[in-house]
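Asks:
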Amino acid sequence: DQQVKQNSPSLSVQEGRISILNCDYTNSMFDYFLWYKKYPAEGPTFLISISSIKDKNEDGRFTVFLNKSAKHLSLHIVPSQPGDSAVYFCAASRTMEYGNKLVFGAGTILRVKS
Amino acid sequence: DARVTQTPRHKVTEMGQEVTMRCQPILGHNTVFWYRQTMMQGLELLAYFRNRAPLDDSGMPKDRFSAEMPDATLATLKIQPSEPRDSAVYFCASGLVRDGRGSPLHFGNGTRLTVT
Numbered sequence: 369d370q371q372v373k374q375n376s377p378s379l380s381v382q383e384g385r386i387s388i389l390n391c392d393y394t395n396s397m398f399d400y401f402l403w404y405k406k407y408p409a410e411g412p413t414f415l416i417s418i419s420s421i422k423d424k425n426e427d428g429r430f431t432v433f434l435n436k437s438a439k440h441l442s443l444h445i446v447p448s449q450p451g452d453s454a455v456y457f458c459a460a461s462r463t464m465e466y467g468n469k470l471v472f473g474a475g476t477i478l479r480v481k482s
Numbered sequence: 031d032a033r034v035t036q037t038p039r040h041k042v043t044e045m046g047q048e049v050t051m052r053c054q055p056i057l058g059h060n061t062v063f064w065y066r067q068t069m070m071q072g073l074e075l076l077a078y079f080r081n082r083a084p085l086d087d088s089g090m091p092k093d094r095f096s097a098e099m100p101d102a103t104l105a106t107l108k109i110q111p112s113e114p115r116d117s118a119v120y121f122c123a124s125g126l127v128r129d130g131r132g133s134p135l136h137f138g139n140g141t142r143l144t145v146t
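So this is what it looks like as structure tokens:
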């Protein structure tokens with residue numbers, strides 16, 4: 369049972385345009401959501417997070433939106449750069465019960481074309 | 031810049047052999063995780079330790095996998111006997127949980143395991 373789903377295996381975007389990566393979850397007990405970026409032959413690196421008490425968090429070119437009623441979150445990257453080409457993982461946790469134990473989605477490959 | 035260190039980076043072995051993967055978490059972190067990355071499943075949780083105590087290993091095939099933390103600076107994941115379906119990249123991650131709040135996890139660069 370996949371509790372965190374990233375339904376788009378890949379996304380291709382032109383440099384300078386907006387990239388939108390989507391993530392859906394099924395467990396309403398999740399209270400903290402994160403995005404990780406992964407380059408080939410490296411481990412995932414933390415990108416941005418959002419608590420369930422918020423609906424938006426912004427950090428430079430990266431913004432995460434959370435829609436709790438729809439159990440949906442998205443990552444916006446604007447403007448997209450070739451260096452953003454990587455696999456993006458959505459993750460969720462139930463911090464009160466499990467601390468920082470994360471459940472991950474399957475990932476979305478982002479390709480930013482120059 | 032503190033890092034999670036994993037060894038070996040690559041391991042090729044024959045079916046039936048024992049495989050041991052090692053992880054040095056970031057100093058001061060009190061949670062350690064083992065994840066496995068496969069093409070179909072993304073990142074699957076195998077084991078979770080807090081303050082060196084195993085809290086969750088429900089994702090591990092119990093008959094062949096074992097995870098331990100002999101001390102705060104070393105976590106190990108063993109597979110015995112290994113099978114071709116174990117071929118994957120295994121990641122170790124560490125983080126800090128304090129006062130009910132957890133930090134984002136920091137990942138090592140993984141061990142790519144190939145079982146022939």
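Protein chains in written order, with our numbering: chain V, 369 to 482; chain Z, 31 to 146. Built from N, CA and C at the ideal position, the CB exists for glycine as well.
In this structure, does DSSP put residue 466/V in helix, strand or coil?
Replies: Against the first sequence, residue 466/V aligns to sequence position 98. It is helical.
Asks: So what's residue 451/V in DSSP terms, helix, strand or just coil?
Replies: Within the first sequence, the letter at position 83 stands for residue 451/V. Helix.
Asks: Taking only beta-carbon atoms, is residue 468/V less than 7 Å away from chain Z?
Replies: For the purposes of this step, residue 468/V is taken as the residue at position 100 of the first sequence. Cβ-Cβ to chain Z under 7 Å: yes for residue 468/V.
Asks: Identify every residue that forms a DSSP beta bridge with residue 77/Z.
Replies: Within the second sequence, residue 77/Z is the residue found at index 47, counting from 1. DSSP, once it has assigned bridges, lists 64/Z as partnering residue 77/Z.
Asks: Please give the ranges of any beta strand (DSSP E) in the stretch 372-437 of chain V, keeping only runs that are unbroken, at least 3 residues long and fully inside the region.
Replies: Within the stretch 372-437 of chain V, the complete beta strand (DSSP E) runs of at least 3 residues are 378-382, 387-393, 400-406, 413-419, 424-427 and 430-435.
Asks: Restricting to Cα atoms, I'd like to know which of 406/V, 375/V and 422/V is closest to residue 415/V.
Replies: By 1-based counting over the first sequence, the position of residue 415/V is 47. That would be 406/V, whose Cα lies nearest to the Cα of residue 415/V.
Asks: Whose C-alpha, out of 94/Z, 43/Z, 45/Z and 38/Z, is nearest the C-alpha of residue 51/Z?
Replies: Position 21 of the second sequence, counted from the first residue, corresponds to residue 51/Z. Of the listed residues, the one whose Cα sits closest to residue 51/Z is 38/Z.
Asks: What does DSSP give as the partner residues of residue 51/Z in its beta bridges?
Replies: Counted from its first residue, the second sequence places residue 51/Z at position 21. Paired residues: 107/Z.
Asks: Following the continuous beta strand (DSSP E) through residue 34/Z, name the residue where it begins and the one where it ends.
Replies: Along the second sequence, one-based indexing puts residue 34/Z at 4. No beta strand (DSSP E) contains residue 34/Z, which DSSP labels as neither H nor E.
Asks: Is there at least one Cβ from chain V nearer than 7 Å to residue 58/Z's Cβ?
Replies: Here the question's residue 58/Z lines up with position 28 in the second sequence. With 7 Å as the cut-off, residue 58/Z does not count as an interface residue toward chain V.
Asks: CB-CB under 6 Å to residue 381/V, same chain, minus the five flanking residues each way: which ones, in chain order?
Replies: For the purposes of this step, residue 381/V is taken as the residue at position 13 of the first sequence. Excluding positions up to five away in sequence, the list reads 387, 448 and 480.
Asks: At the 7 Å Cβ level, is residue 89/Z part of the contact set with chain V, yes or no?
Replies: Stepping through the second sequence from its first residue, residue 89/Z is reached at position 59. Residue 89/Z does not count as touching chain V.
Asks: Please confirm if residue 42/Z has its CB atom under 7 Å from at least one CB of chain V.
Replies: The residue labelled residue 42/Z in the question sits at position 12 within the second sequence. No, its Cβ sits nowhere closer than 7 Å to a Cβ of chain V.
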